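Going by my numbering, the sequence shown opens with residue 106, and the numbers climb by one from there.
Virtual Cβ for every residue (Gly too), placed ideally from N, Cα, C.
The structure displayed is predicted, hence computed values, not measured ones.
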Amino acid sequence: MKCFFDAHVKSKGSFPEQEITEEQFFEQFAALEEGLAVLQTHMQGMSEHVKLFGNLTRQMRRSICPATPSRR
């Protein structure tokens with residue numbers, strides 16, 4: 106499995122030259138929080154869909170192959 110990360114090295118010139126202000130930092134942080142809230146909403150919706158799909162497949166399996174009690 107490949108793992109990528111963002112590494113800034115001053116000697117190679119990949120380090121950002123400009124610094125951000127405190128206001129810019131808080132704006133970016135707020136945008137991240139908003140994005141996470143949207144992602145959480147989508148994940149909850151997906152979870153609910155998975156539960157519904159699981160119930161549907163269980164009902165279909167039971168209707169196609171009903172369990173018959175053994176006669177002992």
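| task | Return the CA-CA distance between glutamine 133 and leucine 144, expressed in angstroms with no decimal places. | result | Position 28 of the sequence shown, counting from 1, holds the residue named residue 133. Position 39 of the sequence shown, counting from 1, holds the residue named residue 144. Straight-line Cα distance between these residues: approximately 16 Å.
| query | Quick one: what's got a C-beta closer than 8 Å to glycine 150's C-beta in the same chain, skipping five residues either side? | reply | Reading the sequence shown from its first residue, position 45 is the one you call residue 150. Answer for glycine 150: no residue qualifies.
| message | Give me, in chain order, the residues of the same chain whose beta-carbon lies closer than 6 Å to that of alanine 135; leave out the 5 immediate sequence neighbours on both sides. | response | Translated into the one-based positions of the sequence shown, residue 135 becomes position 30. Around alanine 135: no qualifying Cβ.
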